[in-house]
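Asks: Starting off with a structure, shown below.
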Amino acid sequence: MLYHKFSLGDSRTLIAELYEDEIITFCPTCGKEHQLEPEEIADIINRGSDFVGTSYFCNGCYIKVVK
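For the sequence shown, the tail end lands on 66 under numbering that gives the first Met the number 0, and the numbers increase by one without skipping.
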């Protein structure tokens, strides 16, 4: 089992179970929610990237960026 641990800012810590179907991101252009697949998470790690510097665009915004 994997967990996500984070501080609530008032000296309390929250630990939550992490399930692969609950990992999401948001399109940096329009804010649309996108669920990450385990293969996408593995790709981020295998490329040596970090989660903070990684963005996933929705299809509509990706097409606008590529044009």
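Beta carbons are placed, not taken as given, at the ideal position from N, Cα and C, and that holds for glycine. Predicted model only: the values in this text are computed from it and were never measured.
1. What is the DSSP secondary structure of I40, reduced to helix, strand or coil?
2. For the pair the region 22-38 and the region 48-65, tell me if three or more CB-CB distances fall below 8 Å.
3. Within its chain, find whatever has a CB closer than 6 Å to the CB of E19; leave out the 5 residues flanking it on each side and keep chain order.
4. Would you report the Cα separation of S10 and S48, rounded to the nearest angstrom?
5. To the nearest angstrom, how far is it from the Cα of H33 to the Cα of Y61?
Replies: On the basis of the supplied data:
1. helix
2. yes
3. P37
4. 30 Å
5. 13 Å
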